[in-house]
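Step one of this worksheet: look at the structure below.
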Amino acid sequence: LICNQLQGVRLVDVPNQRVVMFFQLPSAASHVQTLAWVKNAPGMFITGDIKGGILRVWSVSNSTPLENIKIKATGFHHLDVLSHSKNTEIQ
């Protein structure tokens with residue numbers, strides 16, 4: 001998974017040196033600042049935009065976001081996906 005401001009988000013097959021999927025942002029004004037794989041959901045990742053505080057949920061099988069969630073008024077700097085183990089009891 002590769003992301004930059006000019007080309008957007010792409011899934012790349014590195015050994016064969018080819019782009020597998022181009023992901024389409026909702027508008028030309030949308031720019032991804034950060035992204036992260038969702039570890040407990042194979043093939044899913046999230047992105048955070050640079051200006052509007054929008055978190056987008058993606059699947060590698062779709063070129064458009066599954067969900068757009070407005071979380072804050074300013075852009076993201078960093079994303080981390082925290083997972084919870086089923087065997088861990090929260091107290």
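Counted the way UniProt numbering counts, the sequence shown spans residues 1 to 91. A virtual CB, placed ideally from N, CA and C, is assigned to each residue, including glycine.
- With respect to the 8 Å criterion, G43 and V19 are not classified as neighbours on the basis of their beta carbons.
- Nearest neighbour of G53 by Cα position, chosen from Q5, C3, H78, turns out to be H78.
- Here G48 carries a strand assignment [DSSP, helix/strand/coil].
- Note: I71 is not bridge-paired with any residue in the DSSP secondary-structure output.
- Straight-line spacing of the CA atoms in E67 and R56 works out to 6 Å.
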